[in-house]
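Enquirer: Each residue of the sequence shown is one higher than the one before, starting from 398 at the first, in our numbering.
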Amino acid sequence: MSRRFNGIAVDITPDAPEDEQPAIGLIGMGEMGRMYAGHLSLAGWKKYAGVHPHVSHVSGTPGVTVLENGHLVSRISDFTIYSVEAEFIGQVVSEYGPSSKIGSIVAGQTSVKAPEKAAFETYLPQDIQIVSCHSLHGPTVSPEGQPLVIIRHRASEEAQTLVESILRPLRSRFVYLSYEDHDLVTANTQAVTHAAMGTAWAAQGTYPWEHGYYVGGIETVKVNITHRIYANKWHVYAGLAILNPSAGVQIDQYAASATELFKLMLEGNREALRSRLYRARQKVFEDDDKTGHPTILLSEDMLDRFSLGRKPQLDQSPLSPSAHHPPANSHLSLLAMVDCWAALGIRPFVHLALAATPIFRMWIGVAEYLFRSSTRLDHAIEAALTDVSHRADDLEFVVAARGWGQCVRFGSFELYRQRFERTANFFRPRFCESARLGTEMIKTILDSSTSSDYGISEASGEIGRGSGGSTSNTDASTSNFFTSLGVPILRQPSIPTSNH
């Protein structure tokens with residue numbers, strides 16, 4: 398006989414009779430809430446309850462019943478998802494959480510879990526089970542194959558299995574973490590440190606690919622990362638940066654690394670700069686060789702296909718970049734990132750395996766591309782010390798990195814919004830132009846590095862199942878792998894291939 402949770406078969410599928418299906422409640426119908434409503438409805442789940450002040454855009458979705466308020470949603474739902482910004486999760490849960498159906502399951506879709514955990518523990522009745530989640534992609538990205546974090550915090554195994562069954566039609570890759578591990582991993586994978594590049598270019602007042610210095614190869618990736626960040630909503634990154642303690646530590650170190658490396662550049666201290674960067678390379682990349690991970694990115698020639706600009710012609714002045722004289726570049730943003738990882742003891746390939754967002758896959762890939770080649774790394778060091786063509790950009794980058802660090806320390810969402818939107822408005826006229834090329838580049842990179850390359854089970858499409866960090870019944874090989882890297886011990890699940 399099938400196991401049951403509150404009378405519901407835990408392995409239920411959307412083609413089950415409607416009276417046997419769980420009631421699914423969605424509180425918060427923003428972009429991610431609408432994405433969940435649409436995909437789960439398309440899969441065939443028939444019981445929904447959505448609440449939002451402006452719900453006309455979902456009222457026609459098959460199976461979605463729009464209710465007047467969150468109390469009505471909570472009272473009837475066997476599984477309730479709060480799709481609310483982290484800044485407001487406490488306020489919303491305090492209002493609607495006490496109305497939760499007795500013995501039901503509650504989850505949150507917040508990008509930062511520390512405030513969500515506090516809200517659930519404070520305001521949900523003790524009989525409510527907590528199995529949270531977080532889709533690590535934007536609302537316009539297909540969820541298929543993308544990481545979907547599941548956090549079993551205060552729940553039975555049956556409750557977790559039912560949540561998996563409800564979410565399986567998304568065809569995402571389940572990743573099992575605790576609340577704390579989620580915030581540590583997402584601090585590194587969700588682009589909180591990368592906003593400084595765009596701010597620096599905006600301060601210069603020119604689109605970086607139009608003056609010949611940011612065209613092709615590594616430059617293409619940096620430009621596309623910037624566009625993907627600033628084409629998003631500001632609050633996507635604000636909550637992650639301001640409310641996630643792990644993010645604050647990393648943002649501060651990133652600014653410190655950029656500043657200290659820039660000082661060595663100005664001093665012309667070749668020995669100190671080179672030894673520092675090679676130590677970082679050893680710690681971040683060469684010490685990870687034992688994991689056998691592959692290189693992520695393609696060749697520079699392949700990446701040239703996705704550039705927004707054209708490579709300069711041969712008739713340019715000797716001081717301009719040309720086909721025979723490619724532009725020198727310190728790549729300070731990448732040097733600072735690897736130096737930051739080394740300083741904090743971060744193992745980026747472990748985070749890549751757990752929660753590989755498109756931006757982070759590009760970022761770690763281009764960093765590896767630079768640091769794995771002694772020739773490319775030495776050229777960057779030489780450019781940092783002797784070539785002044787990028788010095789103004791590097792100065793603006795350091796100022797931007799420190800500015801973002803101060804903004805996060807102030808804890809002001811309004812200040813974050815102003816800084817983010819000022820830069821986004823500068824790039825906005827070119828978003829349409831970059832969106833197509835950026836999407837094509839992401840697809841090419843993803844196609845070149847399959848999920849199995851990073852320790853993900855091809856049969857299940859999932860990693861590391863556990864109960865909020867529990868280590869019981871852990872597969873030996875998985876345990877040894879993660880233990881050796883100093884990350885939570887997680888075990889591989891046996892999940893039907895329908896989730897692949």
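Backbone N, C-alpha and C fix where the C-beta goes; we use that ideal spot for every residue, glycine too. Since the structure is predicted, the reported quantities are computational estimates derived from the model, not experimental observations.
According to DSSP, is Ala-504 part of a helix, a strand, or is it coil?
Expert: Ala-504: strand per DSSP, three-state reduction.
Enquirer: Select from Glu-484, Ile-563, Asp-775 the residue whose C-alpha is nearest the C-alpha of Gly-441.
Expert: With distances taken between Cα atoms, Gly-441 lies closest to Ile-563.
Enquirer: Touch check for the segment 465 to 473 and the segment 493 to 509: three-plus C-beta pairs under 8 Å?
Expert: Taking 8 Å as the limit for Cβ pairs, the verdict is that the segment 493 to 509 does touch the segment 465 to 473.
Enquirer: Identify whether Ile-525 lies in helix, strand or coil by the three-state DSSP scheme.
Expert: DSSP places Ile-525 in coil when its eight states are reduced to three.
Enquirer: Identify whether Pro-544 lies in helix, strand or coil by the three-state DSSP scheme.
Expert: Here Pro-544 sits in strand by DSSP.
Enquirer: Would you tell me roughly how many angstroms separate the C-alpha atoms of His-436 and Pro-566, rounded to the nearest one?
Expert: Computed Cα separation, rounded: 8 Å.
Enquirer: Determine the closest residue to Arg-551 out of Gly-422, Cys-530, Arg-625, with distance taken between C-alpha atoms.
Expert: Nearest option by C-alpha distance: Cys-530.
Enquirer: Just to confirm, is the Cβ distance from Gly-422 to Phe-485 under 8 Å?
Expert: Contact: no.
Enquirer: If you check the beta carbons only, do Ile-615 and Tyr-766 fall under 8 Å apart?
Expert: For Ile-615 and Tyr-766, yes; Cβs fall inside 8 Å.
Enquirer: For Ser-438, name the three-state secondary structure that DSSP assigns.
Expert: The answer is helix: DSSP assigns Ser-438 an H, G or I state.
Enquirer: Does the beta-carbon of Asn-877 have 16 or more other beta-carbons within 10 angstroms, so that it is buried, or is it exposed?
Expert: Here the model assigns Asn-877 a pLDDT of 35, short of 50, so the residue's position is not dependable, and the following value carries that caveat. By the neighbour-count rule (16 or more Cβ atoms within 10 Å), Asn-877 is not buried but exposed.
Enquirer: Between the alpha carbons of Val-618 and Lys-498, how many angstroms are there, rounded?
Expert: Answer to the nearest angstrom: the Cα atoms are 48 Å apart.
Enquirer: Going by beta carbon distance, what residues of the same chain come within less than 6 Å of Leu-559, once the five residues before and after it are set aside?
Expert: Excluding residues within five positions, the ones whose Cβ falls inside 6 Å are Phe-402, Val-407.
Enquirer: Rounded to whole angstroms, what is the Cα-Cα separation between Ala-780 and Ala-725?
Expert: Taking the straight line joining both Cα atoms gives about 6 Å.
Enquirer: May I ask you to report which of helix, strand or coil DSSP gives Asn-403?
Expert: Note: Asn-403 maps to coil in three-state DSSP.
Enquirer: In whole angstroms, give me the CA-to-CA distance for Leu-774 and Phe-768.
Expert: Spanning the two alpha carbons is a distance of roughly 6 Å.
Enquirer: Count the other CB atoms within 10 Å of the CB of Ser-501; is the residue buried (16 or more) or exposed (fewer)?
Expert: With 16 or more other Cβ atoms within 10 Å, it is buried.
Enquirer: Here's a check: name, in chain order, each residue in its chain whose Cβ is nearer than 6 Å to the Cβ of Thr-586, leaving out the five neighbours to either side.
Expert: The residues are His-748, Ala-752, Thr-754, Phe-757.
Enquirer: Quick one: what's got a C-beta closer than 8 Å to Tyr-642's C-beta in the same chain, skipping five residues either side?
Expert: The identity of residue 642 in the sequence shown is Pro, whereas the question assumes Tyr. Within the same chain, Pro-642 has close Cβ partners Ala-511, Asp-580.
Enquirer: At what residues does the beta strand (DSSP E) containing Phe-682 begin and finish?
Expert: First-last for Phe-682: undefined, no H or E at that position.
Enquirer: In the DSSP assignment, find the unbroken beta strand (DSSP E) run with Leu-423 in it and report its ends.
Expert: 421 to 424 is the span of the beta strand (DSSP E), which, as asked, contains Leu-423.
Enquirer: Helix, strand or coil: which one does DSSP assign to Val-763?
Expert: The answer is helix: DSSP assigns Val-763 an H, G or I state.
Enquirer: List the DSSP bridge partners of Thr-477.
Expert: Per DSSP, Gly-422, Val-503.
Enquirer: From what residue to what residue does the alpha helix (DSSP H) around Tyr-913 run?
Expert: Because the chain in this structure spans residues 398 to 897, residue 913 falls outside the shown range and cannot be described.
Enquirer: Under three-state DSSP, which class holds His-468?
Expert: Helix.
Enquirer: So, is Lys-660 buried or exposed, given that buried needs 16 or more other C-beta atoms within 10 angstroms?
Expert: Classification for Lys-660: exposed.
Enquirer: According to DSSP, is Ser-771 helix, strand or coil?
Expert: Helix.
Enquirer: Under 6 Å Cβ to Cβ from Glu-683, same chain only, skipping five residues before and after it: list those, please.
Expert: The answer is none, since no qualifying residue turns up.
Enquirer: Pull up the distance between the alpha-carbon of Val-572 and that of Gly-542, whole angstroms please.
Expert: Near 11 Å, if we compare the C-alpha coordinates of Gly-542 and Val-572.
Enquirer: So Ala-655 and Leu-729 are in contact, right, with Cβ under 8 Å, and what is the actual spacing, rounded?
Expert: At roughly 6 Å, the Cβ-Cβ gap stays under 8 Å, so Ala-655 and Leu-729 are in contact.
Enquirer: To the nearest angstrom, how far is it from the Cα of Gln-815 to the Cα of Glu-555?
Expert: So the alpha carbons of these two residues sit roughly 45 Å apart.
Enquirer: Find out if the Cβ-Cβ distance for the pair Tyr-813, Ala-635 is shorter than 8 Å.
Expert: For Tyr-813 and Ala-635, yes; Cβs fall inside 8 Å.
Enquirer: Comparing the CB of Trp-442 with every heavy atom of the ligand SAH, is any distance shorter than 7 Å?
Expert: For the structure depicted, the ligand SAH is absent and the ligand set is empty, with no information on it obtainable.
Enquirer: Is it the case that the Cβ atoms of Ala-597 and Glu-465 are separated by a distance below 8 Å?
Expert: It is not a contact, given that the beta carbons lie outside the stated cut-off.
Enquirer: Is the distance from the Cβ of Gly-802 to the Cβ of Ile-648 below 8 Å?
Expert: Yes, the pair counts as a contact, with Cβ atoms nearer than the cut-off.
Enquirer: Ala-446 bridges to which residues according to DSSP?
Expert: Partner(s): Gly-422, Thr-462.
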